[in-house]
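Written out below as structure tokens is the structure these notes cover.
So this is what it looks like as structure tokens:
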């Protein structure tokens, strides 16, 4: 049996913006499905919001949505970090710098004691990221 973890992030009204940003940073392919494309009855204002999105990049996948219309806004940050493993210093640097735009670097992308290059940041949407390059 093969299993893999696929993180699912809930945004409150900015899913398309955030996932488009991540697609550019991670050089991935983004697929978006809107509430208006589903058979669910939703308020007119919610029809353009994202019911489900998937971002495929390298061997990774990230899912996200805007959350259910009328639902409580999700808490941001805290106990979850999204981790990306790059296969080169150059690729890691590119990803780290792209994700850091508008965000806060909490640990600069630099050589670490275990031999890899690693850094951490909180992006402009409040999500924590760890980037590692072997």
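In our numbering, the protein residues as written are 9 to 142. Where is the CB? At the ideal position from N, CA and C, for every residue including glycine. Everything numeric in this text was worked out from a predicted model, so none of it was measured.
Query	Result
Residue burial classification, residue 156 (beta-carbon count within 10 angstroms, cutoff 16)	Because the chain in this structure spans residues 9 to 142, residue 156 falls outside the shown range and cannot be described.
C-alpha distance - residue 117 paired with residue 21, whole-angstrom precision	30 angstroms
Contact between the region 53-65 and the region 22-42 (3+ Cβ pairs under 8 angstroms)	yes
Span of the beta strand (DSSP E), counted from its first residue to its last, around residue 119	112-119
Per DSSP, cross-strand counterpart(s) of residue 37	64
Sequence-distant residues of its chain with Cβ nearer than 8 angstroms to residue 140 (five each side left out)	91, 92, 93, 94, 100, 124, 125, 126
Under 9 angstroms between C-beta atoms of residue 103 and residue 33	yes
Contact belief for residue 71 with residue 36 at Cβ below 8 angstroms, rounded distance in angstroms	So it is not a contact: roughly 12 angstroms between Cβ atoms.
Separation of residue 106 from residue 41, as counted between CA atoms	25 angstroms
Selected residue, minimal CA-CA separation from residue 112, among 55, 121, 67, 137	137
For residue 133, three-class secondary structure by DSSP	coil
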